[in-house]
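Single-structure report; data block below.
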Amino acid sequence: MGGRRGIFVTLEGGEGSGKTTQSRRIVQYLRARGREVLETREPGGTDAGEMIRDILLHRVASLSPRAELALYLASRSQLVQEIVRPNLEKGVDVICDRYADSSTAYQGGGRELGIELVEDLNDWATAGLEPDLTFYFEVAASTGLTRREARSGGEDLDRIEREDLDFHERVGRAYREIAARHAHRFRVVSTEGGEEAVWERVQRELDERLVAKEKEAHS
Ligand code: TYD
């Protein structure tokens, strides 16, 4: 079994899509199957990344779209080099709450920097590291924002969450376009029906991917 790479799973979605809960469940599920799993998040996941996260979400009131993108890319680049790639190479599964597609959707779509440009820059920042599987938790922008605000009372919203509905709708449209461009790794998951129903959908896709991966390893 020497040289078996871990599986790289990313979770994507708008505000209030419940993806963090699903991320925990994926980790527990894989561990219960005897796999070694590392859970991380973006922006953040490294010392430099957590500092960058603080700047991006809480420290400054405004940032130019290009400066914002550059900071997300810097955090991602560090995470890939320090954490994601070495762990995958050791055979550890890596589950990442947001990854490159978030920049494509939020900065490419939301900030209107352009999907293709951001995809090229992601490719550069990650030295071409793509996930094996990406779950996109679909929720209408208005529903997601309402859920998010209900949870926090509107008090602790970060700089991105404070953006208006138009911004979040552009993000949603960009995600659907990205999902279509990368249909081989994207799984669009409906968030209707509550946590258990969503988990059943995720588990089914995950099982399918694991079986395919095991076949690859034996061929
Ligand atoms: P976080 O608290 O992790 O939000 P969530 O629970 O929604 O994942 O905050 C991350 C915020 O940063 C989120 O609003 C999405 C945004 N973001 C970008 O705009 N571009 C990116 O590349 C990434 C990774 C996140």
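Sequential numbering from 1358 applies to the sequence shown in my numbering.
Here a beta-carbon is modelled for each residue, glycine too, at the ideal position from N, C-alpha and C.
Fair warning: this is a prediction, and the values are worked out from it, not measured in the lab.
ask   = Should aspartate 1454 be listed as close to the ligand TYD, given that the test is whether its C-beta is under 7 Å from any heavy atom?
value = yes
query = So is the beta-carbon of arginine 1398 under 7 Å away from any non-hydrogen atom of the ligand TYD?
reply = yes
inquiry  = At the level of alpha carbons, what is the spacing between leucine 1567 and tyrosine 1493?
reply    = 18 Å
Identity of the residue in Gly1391, Ala1531 and Leu1436 nearest alanine 1405 by Cα = Leu1436
query = Is valine 1496 near serine 1374, with beta carbons less than 8 Å apart?
reply = yes
Alanine 1507 to serine 1576 span [Cα, whole Å] = 50 Å
task = Excluding the 5 residues preceding and the 5 following glycine 1402 in the sequence, name in chain order all residues of the same chain whose CB lies nearer than 7 Å to its CB.
result = Leu1436 and Ile1440
key: Spatially closest choice to arginine 1361 from Arg1468, Asn1444 and His1415, by CA coordinates   = Asn1444
request  = Consult DSSP for isoleucine 1409 and reduce its assignment to one of helix, strand or coil.
outcome  = helix
key: Cβ-based neighbour list, arginine 1558, same chain, cut-off 6 Å, excluding 5 preceding and 5 following   = Val1546
task = Count the C-beta pairs between the stretch 1449 to 1465 and the stretch 1362 to 1371 that are closer than 8 Å, then say yes if the count reaches three, no if not.
result = yes
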